[in-house]
Amino acid sequence: MLKLEIISIGTAYPAWIKDALSEYQKRLGNQCKLSLKEIPIVKNNKKGNSSEKKLEEGNRIESFIDRSSYIVAMDQKGSQWTSESLAKKLVAWSLSKSKFQFLIGGPEGLSSAVLDRSDIIWSLSKLTLPHALARLVLLEQLYRAFMINNKHPYHR
Numbered sequence: 301m302l303k304l305e306i307i308s309i310g311t312a313y314p315a316w317i318k319d320a321l322s323e324y325q326k327r328l329g330n331q332c333k334l335s336l337k338e339i340p341i342v343k344n345n346k347k348g349n350s351s352e353k354k355l356e357e358g359n360r361i362e363s364f365i366d367r368s369s370y371i372v373a374m375d376q377k378g379s380q381w382t383s384e385s386l387a388k389k390l391v392a393w394s395l396s397k398s399k400f401q402f403l404i405g406g407p408e409g410l411s412s413a414v415l416d417r418s419d420i421i422w423s424l425s426k427l428t429l430p431h432a433l434a435r436l437v438l439l440e441q442l443y444r445a446f447m448i449n450n451k452h453p454y455h456r
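Okay, here's the thing in C-alpha cells:
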C-alpha cells in the first residue's frame with residue numbers, strides 16, 4: 301500500500317477545514333496509508349525578516365524529509381497538472397517509490413533548499429490559496445486521482 305505524507309507549515313485551521321480534511325483522510329484510508337505532519341509557523345521577531353523565517357521553516361521541513369520518498373514540493377512556480385495527469389503520475393511514481401511526501405510551506409513559501417531537494421514542484425493553481433485550503437485541495441485531488449485509477453464514478 302502506498303504511503304502518502306503531507307508535511308505542512310501551520311497548525312491553526314478553522315473547524316470546517318478540519319472537518320473536510322478528516323473526511324478525505326477517511327476516504328483515502330482504503331487507498332493508501334496517509335499521515336499529516338503539521339509544523340508550527342515560525343513566529344516573527346523584531347530582528348528577523350521573512351527570508352530568515354522561510355529558511356527556519358525550511359529547516360524544520362527538511363528534518364522530516366525521508367530521502368527514500370518521492371518528494372513533491374507544493375509551490376506556485378511549479379507545474380500545473382490536470383486530475384488525470386496526477387493520476388498517471390501517481391502510477392508512474394509508484395513503480396519506483398512506495399512513499400510520497402508532499403511539502404506545503406508557510407506564508408513565505410518553501411525555502412530554496414527545500415525546493416532543490418524535491419523531485420518535482422507542483423502548483424495547484426495560479427491563484428494564491430490560504431495554506432489550509434491548499435491542504436484540503438491537495439487531499440481532494442489525491443483522492444480524485446485514486447478514484448480515476450480505480451475507474452470509480454467519483455470523477456466524471
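Under my numbering, think of the first position of the sequence shown as 301, with each following residue one higher.
We put the CB at the ideal spot given by N, CA and C, even for glycine.
Assigned secondary structure, residue i (DSSP; H/G/I helix, E/B strand, else coil)
i: Ile341; result: coil
i: Phe364; result: coil
i: Trp381; result: coil
i: Ser423; result: coil
i: Lys451; result: coil
i: Leu334; result: strand
i: Gly409; result: strand
i: Ser418; result: coil
i: Tyr395; result: Going by the sequence as given, residue 395 is Leu instead of Tyr. Of the three classes helix, strand and coil, the one that applies to Leu395 here is coil, per DSSP.
i: Gly358; result: helix
i: Leu433; result: helix
i: Arg456; result: coil
Neighbourhood of residue i by C-beta, 7 Å cutoff - its chain only, sequence neighbours within 5 removed
i: Ile420; result: Val372
i: Ile365; result: Ile371, Gln401, Arg417
i: Tyr324; result: Leu439, Glu440, Tyr443
Test: residue i CB closer than 8 Å to a CB of chain D
i: Trp422; result: The chain labelled as chain D is not found in the depicted structure, where only one protein chain is given.
Those residues which DSSP pairs with residue i across a bridge
i: Gln376; result: Note: Gln376 sits in no beta bridge, so no partner.
i: Tyr443; result: Beta-bridge pairing links Tyr443 to no other residue.
i: Tyr313; result: Answer is none; Tyr313 lacks a bridge partner.
i: Gln401; result: Glu305, Ile371
Cβ pair residue i, residue j closer than 8 Å
i: Ser369; j: Arg444; result: no
i: Leu424; j: Val437; result: yes
i: Leu395; j: Asn449; result: no
i: Leu334; j: Leu328; result: yes
i: Glu494; j: Lys326; result: Residue 494 falls outside the range modelled here, since the chain spans only 301 to 456, and no answer is possible.
i: Gly406; j: Ile306; result: no
i: Glu338; j: Gly310; result: yes
i: Met374; j: Leu336; result: no
i: Ser308; j: Arg435; result: yes
Sequence-distant residues of the same chain with beta carbon closer than 8 Å to residue i, five excluded per side
i: Leu302; result: Gln331, Cys332, Lys333, Leu390, Ser394, Ser398, Lys399, Phe400
i: Thr428; result: Gln376
6 Å Cβ shell around residue i - same chain, five flanking residues per side excluded
i: Ala432; result: Tyr313, Ile317
i: Gln380; result: Ser423
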